[in-house]
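Protein chains: 2
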Amino acid sequence: MNTKFQTIPDIIVARLPRYLRALSILRQKGETTNSKELGTFLGYSAAQIRKDLSQFGEFGKQGTGYNIDFLTEQINNILNLAREWKMILVGCGNIGHAILNYSGFSANGFHVVAAVDSDENLIGKVINDQITIQSINNVEQIIRNHQISIAMLTVPASVAQETAEELIKYGIKGILTYAPIILSLPSDIRVEYIDPVISLQHITYYLN
Amino acid sequence: MNTKFQTIPDIIVARLPRYLRALSILRQKGETTNSKELGTFLGYSAAQIRKDLSQFGEFGKQGTGYNIDFLTEQINNILNLAREWKMILVGCGNIGHAILNYSGFSANGFHVVAAVDSDENLIGKVINDQITIQSINNVEQIIRNHQISIAMLTVPASVAQETAEELIKYGIKGILTYAPIILSLPSDIRVEYIDPVISLQHITYYLN
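As you go down the protein sequences, you meet chains A and B in turn. Its first residue numbered 5, the first sequence is counted upward by one per residue in the numbering used here. Its first residue numbered 5, the second sequence is counted upward by one per residue in the numbering used here.
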């Protein structure tokens, strides 16, 4: 899909997952929605919604709005979500444990198929009756055997850069990192940051 | 500060915390930086950096760039970070525990001063030798006594909306939520979402 829409600004792509989230909730109330309802739900203008979606094709009709199932399927296709994704969890501390216990990933087609850590005390531990923490020394073999392309990086900031570099050597193409440092990686590697301090500093701009 | 810069687009405000993060790392290498170096570091163009910062004033000089300490101080002022912020943690499951054990909040002036949960088995438990989990029934008293304006919401999605509504009744103005639902709250309440699935769905757009 990514070649088809190469010119779509990333800021629009970034909004599409939020559309999916909104659509899944609006679907509980009915089969159709419109740009005004979607906009109200998400805090964007109706014009913004129409403009965003028009980048990808004609999904709705003037007057009748959007069929929610159809629009969901289209956005799923655009975001490459009409398939399952395998992930490796690198770092099994508190955040790692929270991730392994969170059912929202697999409910959305993202499956943690392996978890690794460098701490000998954690290796061999079974989490959630499902995943056995393995040694980080096996990371190359695990990634290659399972053909994993996405890593969740929950290691300390001090080792995040070197760990990320190692992961991409073995074939990882996308990294969701919880380490509070900015990673410097080749431009074809997609990195998303989960950084609550940055979100808090955004909030405080608006507080007194 | 928020009245002074009322017309600044939120998308620019959202980038300022990332500038702070970059500046703190660049400061380890020297006293000054420039829009090109900052841009390379953050993945924005130099022109973007100059345009963003010019919204707030004159922070750099043609040819000599930015003094890092001065620019950091200015951005801290803009984001209301030249003070400490008190937070309450609402929900003490896995993510809540990870938050209580994370030192990055207080290192950046954000202090979790209280944690509450509805689970009787958790109430009274001491985390990290510092915080005792209290009953959610005390939440009004805690927020008012400590004059807390920011909440971190780590409750199940099914109760996130009602919990958020309760919190703002008691004076909470900003919410960082980990619950995977979109909250519907008054427009003067600032909400930021930590949602790894949304970040993953953004990554997969670019993968094959």
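C-beta atoms are modelled at their ideal positions from N, C-alpha and C, and glycine is treated no differently.
- Residues of the region 25-38 of chain B with a C-beta atom less than 9 Å from some C-beta of chain A are Arg25, Ala26, Ile29, listed in chain order.
- Residue environment for Asp73 (chain B): exposed (fewer than 16 other C-beta atoms within 10 angstroms of its C-beta).
- Nearest to Asn212 (chain A) by C-alpha distance, out of B:Gln52, B:Gly95, B:Asn81, is B:Asn81.
- With a cut-off of 8 Å on Cβ pairs, the region 197-206 of chain B is in contact with the region 184-201 of chain A, counting three or more such pairs.
- Here Gly69 (chain B) really is in contact with Thr36 (chain B); their C-beta atoms are around 5 Å apart, less than 8 Å.
- When B:Val17, B:Leu187, B:Thr11 are compared, the shortest CA-CA separation from Tyr209 (chain A) is found for B:Val17.
- In the three-state reduction of the DSSP assignment, Ala18 (chain A) falls in the helix class.
- Contact between Gly113 (chain A) and Glu88 (chain A) is confirmed by a C-beta separation of about 5 Å, below the 8 Å threshold.
- DSSP places Lys90 (chain A) in no alpha helix (DSSP H) but in the uninterrupted beta strand (DSSP E) bounded by 89-94.
- The region 119-165 of chain B contains, as complete beta strand (DSSP E) runs of 3+ residues, the segments 135-139, 154-157 (chain order).
- If only complete runs of 3 or more residues are kept, the region 41-70 of chain B shows no beta strand (DSSP E) anywhere.
- Membership of Ile179 (chain B) in the beta strand (DSSP E) is indicated by the continuous run 178-181.
- Of the residues assessed, Asp14 (chain B) falls on the exposed side of the cut-off, its CB having fewer than 16 other CB atoms within 10 angstroms.
- Looking at A:Leu85, A:Lys90, A:Asp121, A:Arg31, the one whose alpha-carbon comes closest to that of His101 (chain A) is A:Asp121.
- Distances from the CA of Met156 (chain B) to each of B:Asn84, B:Leu27, B:Thr76, B:Ala183 were compared; the closest alpha carbon is that of B:Ala183.
- The C-alpha of Val94 (chain B) lies about 30 Å from the C-alpha of Thr136 (chain A).
- Using a Cβ-Cβ cut-off of 8 Å, Arg22 (chain A) counts as an interface residue toward chain B, since at least one Cβ of chain B sits closer than that to its own.
- Put simply, the CB of Gly43 (chain A) is far from chain B, with every gap to its CB atoms at 8 Å or more.
- Thr11 (chain A) carries a coil assignment under DSSP once its states are collapsed to helix, strand and coil.
- Looking only at B:Gln134, B:Glu170, B:Thr11, the smallest Cα-Cα distance to Asn142 (chain B) is reached by B:Glu170.
- Judged by DSSP in its simplified three-state form, Arg25 (chain B) adopts helix.
- In the three-state reduction of the DSSP assignment, Glu35 (chain A) falls in the coil class, being assigned neither a helical nor a strand state.
- Using a Cβ-Cβ cut-off of 9 Å, Phe60 (chain B) is close to nothing in chain A; its nearest Cβ partner there is about 11 Å away.
- Listed along the chain, the chain A residues whose CB falls inside 8 Å of the CB of Phe63 (chain B) amount to none; the nearest CB is some 17 Å away.
- Between Glu77 (chain A) and Ala26 (chain A), the alpha-carbon positions lie close to 14 Å from each other.
- If you check the CB distance, Leu46 (chain B) and Arg31 (chain B) do not come in under 8 Å.
- Taking C-beta atoms under 8 Å as the contact rule, Leu83 (chain A) and Leu20 (chain A) qualify, at a distance of about 6 Å.
- According to DSSP, Tyr197 (chain B) shares a beta bridge with B:Thr181.
- For Leu104 (chain A), the enclosing alpha helix (DSSP H) stretches over residues 98-104.
- Within the region 191-202 of chain A, those residues whose Cβ lies closer than 7 Å to any Cβ of chain B are, in chain order, Arg194, Glu196, Ile198, Pro200, Val201, Ile202.
- Residues of the same chain with a CB within less than 7 Å of the CB of Ile12 (chain B), apart from the 5 flanking positions on each side, are Gln59 in chain order.
- Exclusion of the five residues before and after Tyr174 (chain B) leaves Val143, Glu144, Ile147, Arg148 as the residues of its chain whose Cβ lies within less than 8 Å of its Cβ.
- Between Ser153 (chain B) and Ile179 (chain B), the gap from beta carbon to beta carbon reaches 8 Å or more.
- For Asn80 (chain A), the uninterrupted alpha helix (DSSP H) segment begins and ends at 72-82.
- Residues of the same chain with a CB within less than 6 Å of the CB of Asn38 (chain B), apart from the 5 flanking positions on each side, are Gly69 in chain order.
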